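Protein chains in written order, with my numbering: chain A, 231 to 370; chain B, 115 to 544.
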């Protein structure tokens, strides 16, 4: 199974201010190495401050409204993520406990598989979504 | 605190112990094997520590550093055992000192070069050629992947006692042969590495051949094998074939969601809905392949890199019609010159047929006709039938499809071949 690890942003990461965090970065580098060596890391990236981001709100009529960052409430924003391949959510929790985070909030979410959607959504929609996903994925 | 959380949660502590075991067992066993020089004993000690955790953690709560806790318990067991044997008094004293020195629990989770080497030694030992293939597979899943005997037994469709006996015999065989706990060097390394890669790929294929289910199934073996492969790639980053194997497994596994239809029937590669392919695995696999190539500086470093390159040709084609069959035919040629095999040659014929048409491929297939290795291989008449059908030689094609149908043990495949015998065309080759 796959688990997405959502690391919340904080005020420093939102300012793009990493000056006082050299030690944390070194520890995180080591931790990432450990995840690699355990063979569980499928993806992992840090995100730049929300000042570089956009948010798109859709009205009831489907009209899109683009809002420029930065966004308030740093704690509600995602600052980085991993995708891990683990045998259980418990294993993901144990891995996360080994991370060097301090004063942070990190969320673990299981990535849905095709089986999770079956029966909930008409099959044509699942098929269409898969096709769309593959086309966008192919460009990456 | 609510009354419900005041009582220790036995189930949660148990699950935590199992999760910790998955993460720590390879390092734990590897470290103990270095200490004791005996992989079998190391595994017994580690298992004892797990049993202690399962007994104690529900009562006492999970310790802050569960990995260090397991290590300390296992080492203590060892020292106690040695002490009991009195003969080794001095050795026990020495280990007791080491144990006291290693008191800082943070030492235990440092992933230093020492531990890495130990884990790599453990992998090479579990895949030692003194053991049978089955024994190597079982021991690798047990010692390195941290699976329980029961899980391994279920995956290989044997009873738990049978698998337990297999593991015990394997551990004894290693001890009897006095297999040293080390990473081979020099000329030895290549052959031993080939054995390790073979074991990992065997595990993968065992899972890949299985159909999906709900609980812990054989299909999970694919994930275990990929995890082992990635571990190996991180521990031995300079070996192109290791990255090649990772790439091969990941690209193959990317097709799992598209391999079975809603009725459970197998869907062949060219008929698969490629939008169902797992893009994350493809991306990861292509990266591993690129790493393998940059390490070896060429394409022909070894069979896994070549097979991964073949799988990548399909992965890169968004629709089956975009497949670069000329390149596939070339890669099969390279693979055939590296390790000649009639099966590879048959695959090359299929690629040539796709690239240059059936007339170019028929002589290759005909040259395989008398090969004893393919005598019972239904794909030979099946491929030949397909080529003949495309050449308009229907009567001969029909005979080949009927022959192929009689040879396959798979009911769905037999039905498919009989339909072809009745003149149904293959949509891929129109």
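Glycine included, each C-beta is placed from N, C-alpha and C at the ideal position. Predicted model only: the values in this text are computed from it and were never measured.
Backbone secondary structure at residue i - three-state DSSP
{"i": "residue 185 of chain B", "result": "helix"}
{"i": "residue 224 of chain B", "result": "Because the pLDDT of residue 224 of chain B is 45, which lies under 50, any placement of that residue in the model is unreliable, and the number read from its coordinates should be weighed accordingly. Note: residue 224 of chain B maps to coil in three-state DSSP."}
{"i": "residue 315 of chain A", "result": "strand"}
{"i": "residue 236 of chain A", "result": "strand"}
{"i": "residue 468 of chain B", "result": "helix"}
{"i": "residue 273 of chain A", "result": "strand"}
{"i": "residue 268 of chain A", "result": "coil"}
{"i": "residue 229 of chain A", "result": "This structure cannot settle anything about residue 229 of chain A, because the visible part of chain A is limited to 231 through 370."}
{"i": "residue 285 of chain A", "result": "strand"}
{"i": "residue 297 of chain A", "result": "strand"}
{"i": "residue 380 of chain B", "result": "strand"}
{"i": "residue 375 of chain B", "result": "coil"}
{"i": "residue 321 of chain B", "result": "helix"}
{"i": "residue 303 of chain A", "result": "coil"}
{"i": "residue 369 of chain B", "result": "coil"}
{"i": "residue 308 of chain A", "result": "strand"}
{"i": "residue 328 of chain B", "result": "Here the model assigns residue 328 of chain B a pLDDT of 37, short of 50, so the residue's position is not dependable, and the following value carries that caveat. Residue 328 of chain B: coil per DSSP, three-state reduction."}
{"i": "residue 321 of chain A", "result": "helix"}
{"i": "residue 337 of chain A", "result": "strand"}
{"i": "residue 277 of chain B", "result": "helix"}
{"i": "residue 434 of chain B", "result": "helix"}
{"i": "residue 262 of chain B", "result": "coil"}
{"i": "residue 315 of chain B", "result": "helix"}
Contact list for residue i against chain B, beta-carbon separation under 8 Å
{"i": "residue 253 of chain A", "result": "Neighbours of residue 253 of chain A on chain B: none; closest Cβ ~15 Å, over 8 Å."}
{"i": "residue 320 of chain A", "result": "129, 130, 132, 133"}
Cross-chain neighbours of residue i in chain B, by beta carbon under 9 Å
{"i": "residue 313 of chain A", "result": "394"}
{"i": "residue 323 of chain A", "result": "130, 133"}
Neighbour-count burial assignment, residue i, 16 or more Cβ in a 10 Å radius
{"i": "residue 284 of chain A", "result": "exposed"}
{"i": "residue 244 of chain A", "result": "buried"}
{"i": "residue 222 of chain B", "result": "Unreliable positioning characterises residue 222 of chain B in this predicted model, as indicated by a pLDDT of 44, which lies under 50. The coordinate reading is nonetheless provided below. Residue 222 of chain B is buried by the Cβ-count criterion."}
{"i": "residue 470 of chain B", "result": "exposed"}
{"i": "residue 336 of chain B", "result": "buried"}
{"i": "residue 199 of chain B", "result": "exposed"}
{"i": "residue 256 of chain B", "result": "buried"}
{"i": "residue 63 of chain B", "result": "It is not possible to answer for residue 63 of chain B, since the shown part of chain B is limited to 115 through 544."}
{"i": "residue 143 of chain B", "result": "buried"}
{"i": "residue 358 of chain B", "result": "buried"}
{"i": "residue 536 of chain B", "result": "exposed"}
{"i": "residue 490 of chain B", "result": "exposed"}
{"i": "residue 523 of chain B", "result": "exposed"}
{"i": "residue 188 of chain B", "result": "buried"}
{"i": "residue 477 of chain B", "result": "exposed"}
{"i": "residue 285 of chain B", "result": "buried"}
{"i": "residue 433 of chain B", "result": "exposed"}
{"i": "residue 246 of chain A", "result": "exposed"}
{"i": "residue 533 of chain B", "result": "exposed"}
{"i": "residue 622 of chain B", "result": "There is simply no residue 622 of chain B to check, as chain B begins at 115 and stops at 544 in what is shown."}
{"i": "residue 486 of chain B", "result": "exposed"}
{"i": "residue 415 of chain B", "result": "buried"}
{"i": "residue 322 of chain B", "result": "buried"}
{"i": "residue 454 of chain B", "result": "exposed"}
Partners in chain B for residue i, counting only beta-carbon separations shorter than 7 Å
{"i": "residue 317 of chain A", "result": "136"}
Per-residue contacts from residue i into chain A (C-beta, under 7 Å)
{"i": "residue 371 of chain B", "result": "344"}
Proximal residues of chain A, C-beta to C-beta of residue i below 8 Å
{"i": "residue 230 of chain B", "result": "267"}
Contact list for residue i against chain A, beta-carbon separation under 9 Å
{"i": "residue 428 of chain B", "result": "Neighbours of residue 428 of chain B on chain A: none; closest Cβ ~13 Å, over 9 Å."}
{"i": "residue 398 of chain B", "result": "272, 273"}
Along the stretch 329-357 of chain B, what residues have a CB closer than 9 Å to any CB found in chain A? 330, 334, 337, 338, 340, 341, 342, 343, 344, 345, 346, 347, 348, 349
Select from the stretch 262-285 of chain A all residues with a C-beta closer than 9 Å to any C-beta belonging to chain B, and list them in chain order. 263, 264, 266, 267, 268, 269, 270, 271, 272, 273
Check whether the stretch 387-399 of chain B and the stretch 445-464 of chain B are in contact - that is, three or more C-beta pairs closer than 8 Å. no
Chain A contacts from the stretch 473-485 of chain B (Cβ-Cβ distance under 9 Å): none
Three-pair Cβ contact test at 8 Å for the stretch 261-270 of chain A versus the stretch 313-326 of chain A: yes
If contact is defined by three or more beta carbon pairs under 8 Å, each pair taking one atom from either stretch, is the stretch 371-385 of chain B in contact with the stretch 332-350 of chain B? no
Are the stretch 245-262 of chain B and the stretch 275-289 of chain B touching by the rule of at least three beta carbon pairs closer than 8 Å? yes
Would you say the stretch 264-273 of chain B touches the stretch 341-351 of chain B, given that touching needs at least three Cβ pairs under 8 Å? no
Validate contact between the stretch 420-430 of chain B and the stretch 356-374 of chain B using beta carbons, cut 8 Å, 3 pairs: yes
Does the count of Cβ pairs from the stretch 179-197 of chain B and the stretch 307-319 of chain B closer than 8 Å reach three? no
Within the chosen definition, does the stretch 248-257 of chain A reach the stretch 283-298 of chain A through at least 3 CB pairs nearer than 8 Å? no
At a cut of 8 Å, does the stretch 239-248 of chain B reach the stretch 290-299 of chain B through at least three beta carbon pairs? yes
Does the stretch 132-143 of chain B come within contact of the stretch 329-336 of chain A, defined as at least 3 CB pairs closer than 8 Å? no
Answer yes if the stretch 292-309 of chain B comes into contact with the stretch 147-155 of chain B, meaning at least three C-beta pairs across the two stretches below 8 Å, and no otherwise. yes
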